[in-house]
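> First the structure, then my questions, so here it is.
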Amino acid sequence: MGEDKYKLIYFNVMARAEPIRLIFAAAGVQYEDYRLEGDIGTLRKQNYPWGKLPVLEINGEVLAESTAICRYLASKFSLVGSTDLEAAKCDEYVMQLWIADPLEIVLLESDAAKKEELKNILLNVQVPFYYSKFEKIVSKPAKVITYLEPITLGGLAYCSHSKLHR
Numbered sequence: 001m002g003e004d005k006y007k008l009i010y011f012n013v014m015a016r017a018e019p020i021r022l023i024f025a026a027a028g029v030q031y032e033d034y035r036l037e038g039d040i041g042t043l044r045k046q047n048y049p050w051g052k053l054p055v056l057e058i059n060g061e062v063l064a065e066s067t068a069i070c071r072y073l074a075s076k077f078s079l080v081g082s083t084d085l086e087a088a089k090c091d092e093y094v095m096q097l098w099i100a101d102p103l104e105i106v107l108l109e110s111d112a113a114k115k116e117e118l119k120n121i122l123l124n125v126q127v128p129f130y131y132s133k134f135e136k137i138v139s140k141p142a143k144v145i146t147y148l149e150p151i152t153l154g155g156l157a158y159c160s161h162s163k164l165h166r
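Sequential numbering from 1 applies to the sequence shown in full-length UniProt numbering.
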């Protein structure tokens with residue numbers, strides 16, 4: 001049996017697929033980065049499980065949901081830490097980052113005033129709150145940093161979200 005073939009399907013933006021792309025880069029694994037162009041609402045309703053993207057095709061089998069994809073790849077490529085606790089801390093950080101980032105809600109809002117209100121809440125309340133927590137984490141002694149270094153899903157997710165919110 002040969003190497004697995006991967007095809008990542010997402011929009012032509014970073015967002016939810018960027019941590020997945022970073023995992024492939026960190027692992028040095030080739031994959032097809034298929035980027036959809038067009039109306040997000042229409043594209044989401046195509047024949048994808050749960051009507052959402054990203055999805056990852058693994059030898060033709062479809063895996064949906066960015067968290068599941070990240071956890072699968074991070075585990076497969078040994079990017080989850082070296083102990084069960086390190087893996088759990090990676091999951092903790094990843095989940096908090098994704099809870100903090102309802103960017104999809106902002107992007108899909110059609111009412112301009114509501115969209116602006118949601119954007120302000122995201123940028124002025126949620127992002128500062130969660131990133132202040134992460135700043136405390138990354139400034140702690142080396143023991144805590146082991147959940148982010150060497151390269152782990154937790155660190156990759158943090159890098160991805162930090163880049164997205166600049």
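C-beta: ideal position from N, C-alpha, C; glycine also.
As a quick exercise: from Val94, Ala17 and Leu36, pick the residue whose alpha carbon is nearest that of leucine 63.
Ala17
> Span of the beta strand (DSSP E) holding residue 182?
Residue 182 cannot be examined here, being either before or after the span of the chain that is shown, 1 to 166.
> Over what stretch of residues does the beta strand (DSSP E) that includes leucine 122 continue unbroken?
Unbroken run through leucine 122: none, as it is neither H nor E.
> Among Ile121, Arg35, Leu22 and Tyr31, which one has its Cα closest to the Cα of lysine 5?
Tyr31
> Who pairs with serine 106 in a beta bridge, going by DSSP?
It is valine, not serine, that sits at residue 106 in the sequence shown. Partner(s): none; valine 106 has no beta bridge.
> Between the beta-carbon of serine 69 and the beta-carbon of leucine 36, is there less than 8 Å?
A quick correction: the sequence has isoleucine, not serine, at residue 69. Taking 8 Å as the Cβ cut-off, isoleucine 69 and leucine 36 do not qualify as a contacting pair.
> Is it buried or exposed for aspartate 39, if we count other Cβ within 10 angstroms and need 16 for buried?
It counts as exposed.
> Confirm, please, whether the CB-CB distance from phenylalanine 77 to valine 29 is below 8 Å.
Taking 8 Å as the Cβ cut-off, valine 29 and phenylalanine 77 qualify as a contacting pair.
> Classify serine 82: buried if its beta carbon has 16 or more other beta carbons within 10 angstroms, exposed otherwise.
exposed
> Tell me aspartate 33's beta-bridge partners as DSSP assigns them.
Beta-bridge pairing by DSSP links aspartate 33 to Leu8.
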